[in-house]
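As given, the protein sequences belong to chains A and B, one line each in that order. As numbered in full-length UniProt numbering, residues 1 to 224 make up the first sequence, in order. As numbered in full-length UniProt numbering, residues 1 to 224 make up the second sequence, in order. Beta carbons are placed, not taken as given, at the ideal position from N, Cα and C, and that holds for glycine. Since the model is a prediction, treat every value here as computed from it, not as a measurement.
There are 2 protein chains.
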Amino acid sequence: MSDKITLQEEAYLFIKSKILNLGFKPGEYITDLQIAENLNISRTPVREAFRILEREGLLIYEPKRGWKVYSLTLDDIKEIFEIKINLEALLAKKAAQCTDNALRTELKQTITAMREAADGDDVDSWVNLDKSLHSLIFTMADNHRAMTYIENLNDQWNRLRIGFSARTGRMGRSIIEHEKLVEAILSGDEELAEKETVEHLEKVRDELTSLLINMVLPYARDGI
Amino acid sequence: MSDKITLQEEAYLFIKSKILNLGFKPGEYITDLQIAENLNISRTPVREAFRILEREGLLIYEPKRGWKVYSLTLDDIKEIFEIKINLEALLAKKAAQCTDNALRTELKQTITAMREAADGDDVDSWVNLDKSLHSLIFTMADNHRAMTYIENLNDQWNRLRIGFSARTGRMGRSIIEHEKLVEAILSGDEELAEKETVEHLEKVRDELTSLLINMVLPYARDGI
DNA sequence: TGTCAATATATTGTATACAGATTAACCGAT
DNA sequence: ATCGGTTAATCTGTATACAATATATTGACA
Numbered sequence: 001m002s003d004k005i006t007l008q009e010e011a012y013l014f015i016k017s018k019i020l021n022l023g024f025k026p027g028e029y030i031t032d033l034q035i036a037e038n039l040n041i042s043r044t045p046v047r048e049a050f051r052i053l054e055r056e057g058l059l060i061y062e063p064k065r066g067w068k069v070y071s072l073t074l075d076d077i078k079e080i081f082e083i084k085i086n087l088e089a090l091l092a093k094k095a096a097q098c099t100d101n102a103l104r105t106e107l108k109q110t111i112t113a114m115r116e117a118a119d120g121d122d123v124d125s126w127v128n129l130d131k132s133l134h135s136l137i138f139t140m141a142d143n144h145r146a147m148t149y150i151e152n153l154n155d156q157w158n159r160l161r162i163g164f165s166a167r168t169g170r171m172g173r174s175i176i177e178h179e180k181l182v183e184a185i186l187s188g189d190e191e192l193a194e195k196e197t198v199e200h201l202e203k204v205r206d207e208l209t210s211l212l213i214n215m216v217l218p219y220a221r222d223g224i
Numbered sequence: 001m002s003d004k005i006t007l008q009e010e011a012y013l014f015i016k017s018k019i020l021n022l023g024f025k026p027g028e029y030i031t032d033l034q035i036a037e038n039l040n041i042s043r044t045p046v047r048e049a050f051r052i053l054e055r056e057g058l059l060i061y062e063p064k065r066g067w068k069v070y071s072l073t074l075d076d077i078k079e080i081f082e083i084k085i086n087l088e089a090l091l092a093k094k095a096a097q098c099t100d101n102a103l104r105t106e107l108k109q110t111i112t113a114m115r116e117a118a119d120g121d122d123v124d125s126w127v128n129l130d131k132s133l134h135s136l137i138f139t140m141a142d143n144h145r146a147m148t149y150i151e152n153l154n155d156q157w158n159r160l161r162i163g164f165s166a167r168t169g170r171m172g173r174s175i176i177e178h179e180k181l182v183e184a185i186l187s188g189d190e191e192l193a194e195k196e197t198v199e200h201l202e203k204v205r206d207e208l209t210s211l212l213i214n215m216v217l218p219y220a221r222d223g224i
């Protein structure tokens, strides 16, 4: 009944969603007052939200200049994917050790549904199922902190996908990679699960990197 | 000349150091007013510090109850070391690829000094050199984000060492493990560097875990 | 003495106030 | 028009104010 959300949380969610959806662009400066007026609240909760977003790497405070939406460099992408690949590989390996039958069944069902979405070119379903699949794998891997780190890393770069239609064409190839990963996990083959994860994510990284180099960076005035 | 530190930073550093040194104990509740009065400042900067420390996993906010110093469970230790081992192994591997001669020389000098400190039973020097060594390896590994994650993970559990003298006796064995790691890095043997790191950290984890189970948890009323 | 309501106290979330510093706007002199 | 400098507008950091809620205290009554 009551939406017991604090104004601090509201500000946090508002700013975060703006940044992730490019409503606030990389390199753009924002002020607490601007957000506060926008949301019809005071500066106090906004400033607390700023601190959190700074810790998440989405905002950066430049002394004497103000709060800036963090803009990524190619080195950042390298760092982010290096960690992401390592952690996701770890979690894939651990998921392969999971014996919880309910989770294993759910995983099986999800990959089947993804196959259908891919065959039917249903991008929206695909995106949702993809989220479910990964959160399932994370649950099976049973390391909540690692999952949080990975989600945070994704928040840092995912907006790059919005600028151009990176999804186009990927779904078809991606389903095969996902199927191979799920198969490896369900068969309990840790090493294979790890390997599939690494290979998949390296492909994502490489595609992203070359797209950035060729199509985004040449036109990006305010960073990415 | 000017200590251009903001009161928010002062509060952050104060609370963090208190938590890390067990001045604020795990499970203890603290209020913004209490900190503010302690430092003779207002609540506003303290609240911002709270938000940051929450994101770092040192404080946790319990709705309707207040801010509590996070207290670890054995599962937390498991999670933390799983990630720590994974990331440090990655960095060791990358450090082994480093060709920067200045850094390599510094590494060599540091491990030599550590050997001397170990032989001379100079614990203070050892602790400092150990810090230098790891920060050197992190520099060689060239992934600043990963280093930050590792440091944050360490902040989460290191206070456990304070309660009991976990260092006792470890220095002698530890120097050998460190020497083997440095040798692997300098020889450029990625796989070995990774292996030494994992084995070393697994030992640390196991010692810590058994100490906790046997000597700390039985007497810990307010968590660890 | 134990229970419960009534009241006081503390604590949080949020708004507002205000000083210091920075940036932008203006304006007259060259 | 350009420069230097003065003033005005912003923005940040911090303090304080205040309402709502939760916790603790008190005390009257069974």
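**Prompt:** Interface residues of chain A around Ile52(B) at Cβ under 9 Å?
**Reply:** Arg51, Ile52, Glu54 and Arg55
**Message:** Please report the distance separating the alpha-carbon of Ser125(B) from that of Val123(A).
**Reply:** 59 Å
**Request:** Kindly list, in the order they appear in chain B, the residues whose Cβ is closer than 8 Å to that of Leu90(A).
**Result:** Glu82, Ile83 and Asn86
**Request:** Report yes if the C-beta distance between Gly57(A) and Asp222(A) is below 8 Å; otherwise report no.
**Result:** no
**Prompt:** What residue ranges within the segment 50-136 of chain A form continuous beta strand (DSSP E) runs of no fewer than 3 residues, ordered along the chain?
**Reply:** 59-62 and 66-69
**Close-in-space but distant-in-sequence residues of the same chain around Asp130(A) (CB under 6 Å, 5 per side omitted)** = none
**Message:** Counting only Cβ pairs nearer than 9 Å, list the residues of chain A close to Ala146(B).
**Reply:** Glu79, Glu82, Ile83 and Asn86
**Asked** Applying a beta-carbon distance threshold of less than 9 Å, which residues of chain B neighbour Arg65(A)?
**Response** Here the premise fails: no neighbours, minimum Cβ distance about 15 Å.
**Item:** Reference Tyr29(A); option with closest CA among Ser132(A), Glu116(A), Ala102(A) and Trp67(A)
**Value:** Trp67(A)
**Reduced DSSP category for Ile5(B) - H, G, I as helix; E, B as strand; rest coil** = coil
**Prompt:** Interface residues of chain A around Glu48(B) at Cβ under 9 Å?
**Reply:** Arg47, Glu48, Phe50 and Arg51
**Message:** If you follow the alpha helix (DSSP H) that Thr209(B) is in, where does it begin and where does it stop?
**Reply:** Glu190 to Leu211
**Message:** Just to check my reading of the structure: Lys93(A) and Glu190(A) have Cβ atoms closer than 8 Å, yes? What is that Cβ distance to the nearest angstrom?
**Reply:** 5 Å
**Asked** Do Leu186(A) and Glu196(A) have their C-beta atoms closer together than 8 Å?
**Response** no
**Message:** Using beta carbons (cut-off 8 Å, strictly below), is Asn143(B) in contact with chain A?
**Reply:** yes
**Item:** Beta-bridge pairing of Tyr219(A) - partner residues as DSSP gives them
**Value:** Per DSSP, none; premise fails for Tyr219(A).
**C-alpha gap between Ile52(B) and Ala11(B), whole angstroms** = 11 Å
**Item:** Reference Leu103(B), options Val69(B), Glu79(B), Ala113(B) and Ala141(B), closest by Cα
**Value:** Ala141(B)
**Message:** Strictly under 8 Å for the Cβ-Cβ distance: is Tyr61(B) near chain A by that measure?
**Reply:** no
**Request:** For Ile30(B), name the three-state secondary structure that DSSP assigns.
**Result:** strand
**Prompt:** Taking the alpha helix (DSSP H) that Gly23(A) falls in, what are its first and last residues?
**Reply:** Element bounds for Gly23(A): n/a, residue is neither H nor E.
**Cβ-based neighbour list, Ile213(B), same chain, cut-off 8 Å, excluding 5 preceding and 5 following** = Leu74
**Item:** Between the CA atoms of Arg65(B) and Met1(A) - distance to the nearest angstrom
**Value:** Reliability fails at Met1(A), whose pLDDT of 32 lies under 50, so the model's placement of it is uncertain and the value that follows must be treated cautiously. Each residue's Cα considered, the two are about 22 Å apart.
**Message:** Any contact between the segment 198-216 of chain A and the segment 30-46 of chain B? By contact I mean 3 or more CB pairs, one from each, below 8 Å.
**Reply:** no
**Message:** If I follow the unbroken alpha helix (DSSP H) through Ile41(A), where does it start and stop?
**Reply:** Segment: none, Ile41(A) is in no alpha helix (DSSP H) and carries neither H nor E.
**Asked** Between the C-alpha atoms of Leu153(A) and Lys4(B), what's the straight-line distance to the nearest angstrom?
**Response** 31 Å
**Prompt:** If you compare alpha carbons, which of Thr31(B), Leu107(B), His134(B) and Arg161(B) is closest to Thr148(B)?
**Reply:** His134(B)
**Prompt:** Just the Cα atoms here: how many angstroms apart are Asp100(B) and Lys18(A)?
**Reply:** 41 Å
**Message:** So for Asp155(B), helix, strand or coil by DSSP?
**Reply:** helix
**Prompt:** Between the C-alpha atoms of Ala220(B) and Ile80(B), what's the straight-line distance to the nearest angstrom?
**Reply:** 20 Å
**Request:** Tell me, please, whether the CB atom of Tyr149(B) is closer than 8 Å to any CB atom in chain A?
**Result:** yes
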